[in-house]
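Notes follow once the structure below has been shown.
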Amino acid sequence: MWIYEKKLQYPVRVGCTNLKLAQYLFTQYGGPDGELSAALRYLNQRYTIPTNEAKALLTDIGTEELAHVEVITTMIYQLTKDATAEDFKRAGMGDFYAIRDGALFYSDSNGVPWTAAYIQATSDPITDLHEDMAAEQKARTVYENLIKLSDDTGVIDTLKFLREREVVHYQRFGEALRIVQEYQQQKKIF
Amino acid sequence: MYDIHQPAMPMPGTRPAMPMPAMPMPGMPMPHYSIYPLPFMPYCVKMAHAYVPYQCFTNSYPLNEALQKGTYFPELYQPYMPEKKLGGLADNE
Amino acid sequence: MNDQLAFLNRLQQVEFALVELQLFLDTHKDDQRALMEFNQYSKQLEMLKKQYELQYGPLLNFGFSPSQYPWRWLEGPWPWEQVF
Numbered sequence: 424m425w426i427y428e429k430k431l432q433y434p435v436r437v438g439c440t441n442l443k444l445a446q447y448l449f450t451q452y453g454g455p456d457g458e459l460s461a462a463l464r465y466l467n468q469r470y471t472i473p474t475n476e477a478k479a480l481l482t483d484i485g486t487e488e489l490a491h492v493e494v495i496t497t498m499i500y501q502l503t504k505d506a507t508a509e510d511f512k513r514a515g516m517g518d519f520y521a522i523r524d525g526a527l528f529y530s531d532s533n534g535v536p537w538t539a540a541y542i543q544a545t546s547d548p549i550t551d552l553h554e555d556m557a558a559e560q561k562a563r564t565v566y567e568n569l570i571k572l573s574d575d576t577g578v579i580d581t582l583k584f585l586r587e588r589e590v591v592h593y594q595r596f597g598e599a600l601r602i603v604q605e606y607q608q609q610k611k612i613f
Numbered sequence: 308m309y310d311i312h313q314p315a316m317p318m319p320g321t322r323p324a325m326p327m328p329a330m331p332m333p334g335m336p337m338p339h340y341s342i343y344p345l346p347f348m349p350y351c352v353k354m355a356h357a358y359v360p361y362q363c364f365t366n367s368y369p370l371n372e373a374l375q376k377g378t379y380f381p382e383l384y385q386p387y388m389p390e391k392k393l394g395g396l397a398d399n400e
Numbered sequence: 093m094n095d096q097l098a099f100l101n102r103l104q105q106v107e108f109a110l111v112e113l114q115l116f117l118d119t120h121k122d123d124q125r126a127l128m129e130f131n132q133y134s135k136q137l138e139m140l141k142k143q144y145e146l147q148y149g150p151l152l153n154f155g156f157s158p159s160q161y162p163w164r165w166l167e168g169p170w171p172w173e174q175v176f
């Protein structure tokens, strides 16, 4: 059951309107290695993964990723909220505006809509945890790309926070993998 | 199937070891356990298996610094340093 | 407005330590020190929350926070509108 806290996990400070930057950030909203993919992947895998540690971890990290979705959307919203149709046209994003004005949507930075093909669940805990660890690395890389693309200090600051979270999540999934390896080892003995 | 015994890894901030399980192999270093059930790195490693070191809780950042950095634990803080890029090596090495 | 922002920041700091300790405890269930710190921060959060909510309204929905009259959950700014 989910409860919502009416507060961002991190204090997001956005400079001025920047439509191009907002477009880049979409990849971490509805893209393959974004926070939504992460949240849905972990929350779905937790049903069939063995060991209480892994179930707890997938639930908790999945929940934190939903909080990160909110951080990404906050940045996108604040980068676009004051933009006019003219601004969109000038930024070469008239096609984006035509479809939905400034509304957000689950798509990547190219407008490709989110798909469950971005995630997987195999019921094999080693496989699922390796996918989770790979996902965290991919997210980290994308954050590094976005940091290089951005010139807004507030946005860079938030991206660095989110990037470090991926590093920490990788460590936790790695520990869950160790626990599962130990668990499987013990199952063979008895 | 050959088990490779790891040499005892130096672990930061370890407490006195738990009672040793089983029998130590002759000539092999003693397994190095901390307060946790799982060691820093496994005693026996297998081919085609990946292992992530087990974190030992030693220090923590003050709260404002932890939030700003993105982690409560100094040993997990691995910031992005693009200037250090050296063809082939990871940016944050 | 500055008071509210400072308050929110304090909440963010304490909650962040709790998130980190939650994840840590998920894979280190026998770590007494981590659990002790978690419970200390949890108590701290409870006090901070009560103080914040008296002034600025409920932080959580579905009864995990009380509300004064009239229904304060509706009040802005919403998190994505918050300027820090």
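Residue numbers (my numbering), protein chains in the order written: chain W, 424 to 613; chain R, 308 to 400; chain B, 93 to 176.
Where a beta carbon is used, it is the ideal one built from N, C-alpha and C, also for glycine.
Every value quoted in this text rests on a predicted model; they were computed, and no experiment measured them.
Closest option to residue 111/B, judged by alpha-carbon separation, among 448/W, 548/W, 482/W, 456/W: 482/W. The contact set of residue 535/W on chain B, defined by CB atoms closer than 8 Å, is empty, because the minimum CB distance reaches about 23 Å.
Within chain W, the residues 598, 601 have their CB atoms less than 8 Å from the CB of residue 361/R, given in chain order. The alpha-carbon separation between residue 389/R and residue 559/W amounts to approximately 19 Å. Counting along the chain, the unbroken alpha helix (DSSP H) around residue 94/B starts and ends at 94-119. Under the rule that a run must span 4 or more residues, the alpha helix (DSSP H) segments found entirely inside the region 493-546 of chain W read 508-513, 517-523. Residue 428/W sits in a strand when the DSSP states are folded into three classes. When 529/W, 430/W, 566/W are compared, the shortest CA-CA separation from residue 170/B is found for 430/W.
Taking one beta carbon from each stretch, the region 498-508 of chain W and the region 434-441 of chain W have 3 or more pairs nearer than 8 Å; the two touch.
If you draw a straight line from the Cα of residue 148/B to the Cα of residue 96/B, it comes to about 8 Å. By the criterion of at least three beta-carbon pairs nearer than 8 Å, the region 513-522 of chain W is not in contact with the region 453-471 of chain W. The continuous stretches of alpha helix (DSSP H) do not include residue 472/W, and DSSP gives it neither H nor E. Where residue 453/W is concerned, the enclosing alpha helix (DSSP H) starts and stops at 450-453. Spanning the alpha carbons of residue 131/B and residue 441/W requires a straight line of approximately 42 Å. In the three-state DSSP reduction, residue 578/W falls in the helix class (H, G or I). For residue 384/R and residue 377/R, the gap between their C-alpha atoms comes out near 8 Å. The region 116-153 of chain B is shown to contain whole alpha helix (DSSP H) runs of 4 or more residues at 124-148, in chain order. As computed with DSSP, residue 175/B is found in no beta bridge at all.
The criterion of a C-beta distance shorter than 8 Å is not satisfied by residue 374/R and residue 116/B. Residue 136/B has its alpha-carbon roughly 8 Å from the corresponding atom of residue 106/B.
Taking every protein chain shown into account, the CB of residue 138/B has fewer than 16 other CB atoms within 10 angstroms, so this residue is exposed. Taken atom to atom, the span from the alpha-carbon of residue 478/W to that of residue 470/W is near 7 Å. Short of 6 Å from the beta carbon of residue 157/B, and not among the five residues preceding or following it, lie these beta carbons of its own chain, in chain order: 145, 150, 151. By the beta-carbon neighbour count (other beta carbons within 10 angstroms, threshold 16), residue 578/W is buried.
Under the Cβ criterion of 8 Å, residue 480/W is counted among the residues facing chain B.
Here residue 603/W carries a helix assignment [DSSP, helix/strand/coil]. A straight-line Cα-Cα distance of about 21 Å links residue 475/W and residue 348/R. With fewer than 16 neighbouring CB atoms inside 10 Å of its own CB, residue 161/B falls in the exposed class. Here residue 513/W is exposed. Its C-beta has fewer than 16 other C-beta atoms within 10 Å. Using a Cβ-Cβ cut-off of 8 Å, residue 371/R counts as an interface residue toward chain B, since at least one Cβ of chain B sits closer than that to its own. Counting of Cβ neighbours within 10 angstroms places residue 511/W among the buried residues, the total reaching 16 or more. Under the three-state reduction of DSSP output, residue 565/W falls in the helix class. Each residue's CA atom was taken as its position, placing residue 118/B and residue 503/W some 38 Å apart.
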